[in-house]
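Chains as they are written, first to last, in this note's numbering: chain L, 115 to 216; chain G, -12 to 388; chain E, 4 to 121; chain Y, 198 to 363.
For every residue, glycine included, the Cβ atom is placed at its ideal position computed from N, Cα and C.
Accompanying notes for the structure given below.
Structure below.
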């Protein structure tokens, strides 16, 4: 039997890798990929706690489903912003998106 | 005695256990052999199908079809196989080698994997999982990824353009397909394939004919066959996403398309035509397999017939047909099915009355759709364009005088 | 239940293995005579100009985007359909409301002209 | 070691390696393909956790839709973001350090927590059916469920407005 700790450590590793991607990448789409990894790590945690907890309480799975929806919405709007930036300012490097800075 | 397949597998398991292998290992080995048999069966079917399809195409087009190699040209697919196996696979300059080589494998695997959950008979089911229907949809996404990989890695303009067309078409038609699949799931109250088969009294084609029709159309688009073959439209973009593939690389895309059509037949049979069920199939699984294959062949023949009869549609027609017709229609069908089903359940009607009312509701929707279409798109008079008479060829003027 | 998934896992391996063998076999038994012209990118016999990265329409992206939203929403409806027997009328109407919101989104995209292939 | 444990370790290693490639590969299309593998690994993890519905949804939504959308976006914007040249910014050492510290810290906390004592119980009801019942039940998750659909509607309208211009 796999202990709950292993799932949680696995999720923590995935989350850390995603965090590195978000912080270190230049390209805005690559940053979104890092965010996806982090959201997936969160989902693993939710499902693992559901499985190892009270099975009558489906909250872990229900929240995971909501996370799917949020991830989809985030990607849709995020990528739309990236495309819009690409067409207006011809860049998708996150550091150069400084329209609100002066 | 009526179930030789399970008997054999049990005998095999006991044999392995008798050799002193661990129980877990025996399970893995027998499951792996089962998977290999089912997958190989799919590929063997394709070899037969290539001959069948060419024969059907020939007959429909008033020509004999393959008739040289062997009796009735039966050995033609084997000759083709030997040829394609000994052909060179070229890799174009600047291609992304790894992705270029993985794409055909993934395309084939995405179709083969569907067969893991298809029930051949009551007791002959690979994996009777409780999410069978969604599993089929999920496996289909790998086909999309494979097409995208093939188009991108080829480093060819036509391939990339074809891949974009293909993906736009496949993702678009996935929406009404999934909604249409919700209808049998809702009627059977289960996503398990065998549960859906067991719930079909009467067949779902009677209870949900519109969903069956939508599923047929959308899965033809998913396969990418005429009239939806604009992802590899020869006259426009060479061969679409597999322009640069030669030999077996192309062969895999070709075979996966054939197998996909056959799979569509199997899925239609399972979801709407009662799958393996039929007289005597409960007690004799062999009969169930026979019924299943017969129904699958009918579905397959239907798709082939449509393919050979209709011309290719344009990309704007393809997208408009999906988003402005099929998707709203499938949503309406789903709503009506859900509401009527619940109302009939609360009223507590007999099963035959339930089926009749469901059929009537479907016919009503169909009738209203026809009325709306007539109002929106009035019958345009086919205009005949008169051309000036022009001779095809003009004899050269004699120059000797 | 995990037995079934073990079968699916093994099936995935088999389904990848068979085409992998089929694709590698010709590399062993087939001829292998690459040359510069054979490996040229196909463009109807013309020399290729520029790279393969033609700028394509944003429209493709818009369709993928609408598909993403629809896909996730329909997936939500599957558990609803499975549990249909045990749902009261109220819960059925919740599902119908969900579908109607979906339809509203479709209507918006339609009115906006995002569904027209221009 | 039992069979399930071996499978878990293989899945975890493949997933983490794929995730590492996602954040380090300079070629963005390759990064997206590695992302697909990583997401598939997460789906396999869900299967190991008996959350089969979430596993297939993971493949349908993430691989079939989100990853495809990302590849589309990468191809649309490739003109300004070539695959050559550095893809990481000047803070990458700091970011790597932060990720490492986070991982070590979390692992330390997790090992010392009581999570190892949690035990598995057998599934009695079908989780899919339970999920379907509770997602539309007024004393469970009906509000998040309907809100999710409104959120997705808003996301669709918003992204069409942003990305679509005549």
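Would you check if the distance between the CB atom of residue 94 of chain E and the CB atom of residue 226 of chain Y is smaller than 7 Å?
no
Please name the residues in the region 27 to 40 of chain E whose beta-carbon is closer than 9 Å to at least one beta-carbon of chain G, in chain order.
27, 28, 29, 30, 32, 33, 34, 35, 36, 37, 39
C-beta contact flag for residue 104 of chain E and residue 213 of chain Y at 7 Å:
no
Please confirm whether residue 162 of chain L and residue 200 of chain L have their CB atoms less than 7 Å apart.
no
For residue 198 of chain G and residue 178 of chain G, I'd like the C-alpha separation in whole angstroms.
16 Å
Taking just the CA atoms, how far does residue 34 of chain E sit from residue 190 of chain G?
53 Å
Beta-bridge pairing of residue 139 of chain L - partner residues as DSSP gives them:
Y/285
Mapping DSSP to helix, strand and coil, what is residue 322 of chain Y?
coil
How many Å lie between residue 286 of chain G and residue 171 of chain G at the Cα?
17 Å
Pop quiz: residue 134 of chain G and residue 250 of chain G are said to be a contact at Cβ under 8 Å. What is the actual Cβ separation, rounded to whole angstroms?
About 16 Å separates the two Cβ atoms, so there is no contact after all.
Is there at least one Cβ from chain Y nearer than 7 Å to residue 11 of chain G's Cβ?
yes
Near residue 231 of chain Y, which residues of its chain fall below 6 Å by C-beta distance, leaving aside the five closest residues on each side in sequence?
215, 218, 219
Where residue 128 of chain G meets chain Y, residues with beta-carbon distance less than 7 Å
256, 257, 260, 261
Against chain Y, does residue 154 of chain L count as a neighbour if the rule is that its beta carbon must be under 7 Å from one of theirs?
yes
Beta-carbon within less than 8 Å of residue 188 of chain G's beta-carbon, same chain only, minus the 5 sequence neighbours each way: which residues are those?
338
Select from Y/223, Y/222, Y/361, Y/202 the residue whose C-alpha is nearest the C-alpha of residue 118 of chain E.
Y/361
Chain L residues whose Cβ lies nearer than 9 Å to that of residue 61 of chain E
197, 201
State the CB to CB distance for the pair residue 97 of chain E and residue 339 of chain Y, rounded to an integer number of angstroms; the pair is presumed to be in contact (CB under 8 Å).
6 Å
Residue(s) in a DSSP beta bridge with residue 207 of chain L
L/141
Who are the neighbours of residue 108 of chain E on chain G, taking C-beta pairs under 9 Å?
The contacting residues do not exist; residue 108 of chain E stays about 11 Å from chain G at best.
Have a look at residue 307 of chain Y and residue 118 of chain L and give me their C-alpha separation to the nearest angstrom.
10 Å
Looking only at its chain, what residues have a beta carbon closer than 7 Å to the beta carbon of residue 233 of chain Y, apart from the 5 residues adjacent to it on each side?
260, 264
Using the C-alpha atoms, what's the distance from residue 112 of chain G back to residue 263 of chain G?
11 Å
Assuming residue 296 of chain Y and residue 123 of chain L make a contact with CB atoms under 8 Å, what is their CB distance in whole Å?
Contact flag wrong, Cβ pair sits at about 14 Å.
Count the other CB atoms within 10 Å of the CB of residue 238 of chain Y; is the residue buried (16 or more) or exposed (fewer)?
buried
What does DSSP give as the partner residue(s) for residue 106 of chain G in the beta ladder?
G/112
Can you name the residues of chain A whose CB is closer than 9 Å to the CB of residue 162 of chain G?
Absent from the structure is chain A; the protein chains it does hold are L, G, E and Y.
Alpha carbons only, please: which of G/19, G/299, G/68, G/32 is nearest the one belonging to residue 212 of chain G?
G/299
Using 8 Å as the cut-off, can you tell me whether the region 48 to 57 of chain G makes contact with the region 253 to 269 of chain G, which would need three or more C-beta pairs spanning the two stretches below that distance?
no
To the nearest angstrom, report how far apart residue -12 of chain G and residue 320 of chain Y are at their CA atoms.
Annotation note: pLDDT 45 at residue -12 of chain G (below 50); position unreliable, coordinate value reported separately. The straight-line gap from Cα to Cα measures roughly 34 Å.
Just how far apart, CA to CA, sit residue 335 of chain G and residue 327 of chain G?
12 Å
Does the region 150 to 164 of chain G come into contact with the region 72 to 91 of chain G, if we say contact requires no fewer than three beta-carbon pairs (one atom in each stretch) closer than 8 Å?
no
Check whether the region 61 to 77 of chain G touches the region 234 to 241 of chain G, taking contact to mean three or more Cβ pairs, one atom from each stretch, closer than 8 Å.
yes
Residue 403 of chain G (DSSP reduced to helix, strand or coil):
The displayed coordinates of chain G run from -12 to 388. Any statement about residue 403 of chain G would go beyond what the structure contains.
Exposure label - residue 379 of chain G; buried when at least 16 CB within 10 Å
exposed
Determine the burial state of residue 76 of chain E: buried for a count of at least 16 other Cβ atoms within 10 Å of its Cβ, exposed for fewer.
buried
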